[in-house]
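Okay, structure first, notes after.
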Amino acid sequence: MPVDKPDDDQNKIARGYGQGYEYFSLALAFVIAILGFGALGWLVDGWLHTRPLFAVVGSFVGGLGGFLTIYYRVGKDTAGK
35 MPVDKPDDDQ
45 NKIARGYGQG
55 YEYFSLALAF
65 VIAILGFGAL
75 GWLVDGWLHT
85 RPLFAVVGSF
95 VGGLGGFLTI
105 YYRVGKDTAG
115 K
């Protein structure tokens with residue numbers, strides 16, 4: 035009994051969805067980095083009574099780290115093209 039192989043169109047669609055989910059996870063990691071570092075800065079501000087200095091700095095650090103992660107990942111993915 036022969037096994038039907040999916041045609042190339044179905045493989046391309048499946049790869050497209052997989053790549054889309056990879057980039058969605060990067061976007062989610064970007065948001066979590068901003069919120070996480072901002073929350074950590076907020077806790078430090080509460081401890082040192084310097085609100086909102088460290089919360090703002092933490093948010094920028096998280097945003098920068100998330101952006102660089104996305105930048106280098108997209109650069110790696112498009113380097114071979």
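Going by this note's numbering, the sequence shown opens with residue 35, and the numbers climb by one from there. Think of the CB as a built atom: it goes at the ideal place given N, C-alpha and C, for glycine as much as any other residue.
(message) Would G92 and G75 be called neighbours here (beta carbons separated by less than 8 angstroms)?
(response) A distance below 8 angstroms separates the beta carbons of G92 and G75.
(request) Assign I163 to one of two classes, buried (16 or more other C-beta atoms within 10 Å of its C-beta) or exposed (fewer than that). (result) Summary: the structure shown does not reach residue 163, with the chain confined to residues 35 through 115, and so no result is reported for it.
(message) Taking the alpha-carbon of F101 as reference, which of D43, Q44, I68, L82 has the nearest alpha-carbon?
(response) Ranked by Cα distance from F101, the options D43, Q44, I68, L82 are led by I68.
(request) Assuming L60 contacts T103 (C-beta within less than 8 angstroms), just tell me the rounded distance between them. (result) Contact holds; Cβ gap of about 7 angstroms.
(request) Drop a sphere of 10 angstroms on the beta-carbon of A89, count the other beta-carbons inside from all chains shown, and report buried for 16 or more, exposed for fewer. (result) With 16 or more other Cβ atoms inside 10 Å of its own Cβ, A89 counts as buried.
(message) Given this structure, state the Cα-to-Cα distance separating V95 from I47, to the nearest angstrom.
(response) Looking at the two C-alpha atoms, the distance is approximately 36 angstroms.
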